[in-house]
Amino acid sequence: MKKQKFFQGLLLIIIVIALGFVARQLRTGVSTSAATYDRIMVDIQANKIFIQPTVVSAPAPVPADSPFSAGKNAYPAFKCMKDGTIFAYEEPSLSPGSQQVGPRCPVCGGSDIMPPQLPAGQKSMDITGPVQTVKPTPVS
Ligand SMILES: [Zn+2]
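Residue numbers for the sequence shown follow my numbering, beginning at 69 and rising by one.
Rendered as structure tokens:
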């Protein structure tokens, strides 16, 4: 009788440890699949570019919420390498088979476009507005 109780208790402890192990495994599994990358966004209301950690696998709707203003004012930010214009690009939601041209500078029409760089260590930076929004042009 006493021995049986002892084994029941032991079994319970083993089950608890095993469950804890499984839970830990599940948690690490989630954190590895939810890898993030730093996206350079621009708030067209607050005239700020900022880094937004974005989950790789999750859909990133545009425009997105901005931490600097109320409402959805954040767009992916791009900078013209020719004249330094920073603009918001309304990224197309890519559907299979659709083709899009990359963003072009709203000032000079150039296609030498890069995401703007923030000064090292900074998460956001003021820019001079108004920030133009460029819409994607579908290939016909
Ligand atoms: Zn330009």
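Every residue gets a Cβ at the ideal spot worked out from N, C-alpha and C, and that includes glycine.
Keep in mind that this is a model prediction, so the values were computed, not measured.
- At the C-beta level, VAL202 and PRO183 stay beyond 7 Å of one another.
- Our two residues, VAL123 and ALA102, have alpha carbons roughly 6 Å apart in a direct line.
- Each of CYS176, ASP180, GLN190 and PHE155 was checked against the Cα of GLN200, and the nearest Cα belongs to PHE155.
- Residues whose Cβ lies closer than 6 Å to any heavy atom of ligand 1, listed in chain order: CYS148, LYS150, ASP151, THR153, CYS173, VAL175, CYS176 and GLY178.
- Annotation for MET193: the continuous beta strand (DSSP E) segment containing it runs 192 to 194.
- Close CB contacts of ASP194 within its chain, under the 7 Å cut and outside five residues either way in sequence, are with ASN115 and LYS116 (chain order).
- Between LYS150 and CYS176, the C-beta spacing is below 7 Å.
- Of the residues assessed, ALA142 falls on the buried side of the cut-off, its CB having 16 or more other CB atoms within 10 angstroms.
- Residue pairing for ASP133: DSSP places it in a beta bridge opposite LYS140.
- The beta carbon of ASP133 is closer than 7 Å to those of LYS140 and ALA142 in its chain, skipping five residues each way along the sequence.
- Take the alpha-carbon of SER179 and the one of PRO160: they are about 17 Å apart.
- The C-beta distance from PHE118 to SER192 rounds to 4 Å, short enough to fall under 8 Å.
- Annotation for LYS116: the continuous beta strand (DSSP E) segment containing it runs 116 to 123.
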